[in-house]
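Some notes on the structure that comes next.
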Amino acid sequence: MAFNIWVDADACPAVIRDVLFRAANRLGVTTTLVANHHIRIPRSPHIRFTQVASGFDKADDHIADQVNAGDLVITGDIPLAARVVENGGTALNPRGTLYDAESIREHLGRRDFMEELRSTGMQTGGPSSLSKSDVQTFANALDRFLARANRG
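Here it is, written out as structure tokens:
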């Protein structure tokens, strides 16, 4: 497999990281977690951690600068996902939504609309807690991506 998995780890739930750790070890895919605070990772030749300076979007900027065509980035940050897609990568959020060249514009539009509503003072609420079903949806989407990448 000639691709890497990058994880926007500042907000990535531990249960999703565990799914990624198992996949990295099972398939031998280099998986790099990027955050502005220390995150524990298991000992593995396939799993790495990069700590970046504190600051707005520092982890996002690092990932966007490092990602190559064909790489997968795990993030719930839609602007980062758009940068990844622009660089030829694919993004997957922790709930299993895949962001690619076909879908990213729609997701950016929805995000911008919600941002606009919030700027007017409207309470839009945040995302619900991650459920077991969400974790399974993520694991299934990850497996589909990995199977496709392995064939390609």
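For reference, each letter of the sequence shown is one residue, going 0 to 151 in the numbering used here. Where a beta carbon is used, it is the ideal one built from N, C-alpha and C, also for glycine. For clarity, every value in this text was computed on a predicted model and none was experimentally measured.
- Within the same chain, and ignoring the five residues on either side of D59 in sequence, the residues whose Cβ sits closer than 7 angstroms to its Cβ are D7, D76, L79.
- For G69, the CB contacts under 6 angstroms within the same chain, skipping 5 residues up- and downstream, are F2 in chain order.
- DSSP, reduced to helix, strand and coil, places L129 outside both helices and strands of the structure shown, so it counts as coil.
- Around the C-beta of A52, fewer than 16 other C-beta atoms lie within 10 Å, and the residue is accordingly described as exposed.
- Here DSSP, grouped into helix, strand and coil, assigns D7 to strand.
- Note on geometry: alpha-carbon atoms of R25 and F55 lie some 34 angstroms from one another.
- Rounded to whole angstroms, the Cβ separation of V14 and V134 is 5 angstroms, and the two are in contact under 8 angstroms.
- For D9 and V33, the gap between their C-alpha atoms comes out near 7 angstroms.
- Judged by beta-carbon spacing, D142 lies beyond the 9 angstroms limit of A23, meaning their Cβ atoms are not closer than that value.
- Pairing S132 with I46, the inter-Cα distance amounts to about 25 angstroms.
- Taking 9 angstroms as the cut-off, the beta carbon of T31 is found closer than this to the beta carbon of T49.
- Shown here for A90: same chain residues with a beta carbon closer than 6 angstroms to its own, the five before and five after excluded, namely V72, T74, A80, V83, Y98 in chain order.
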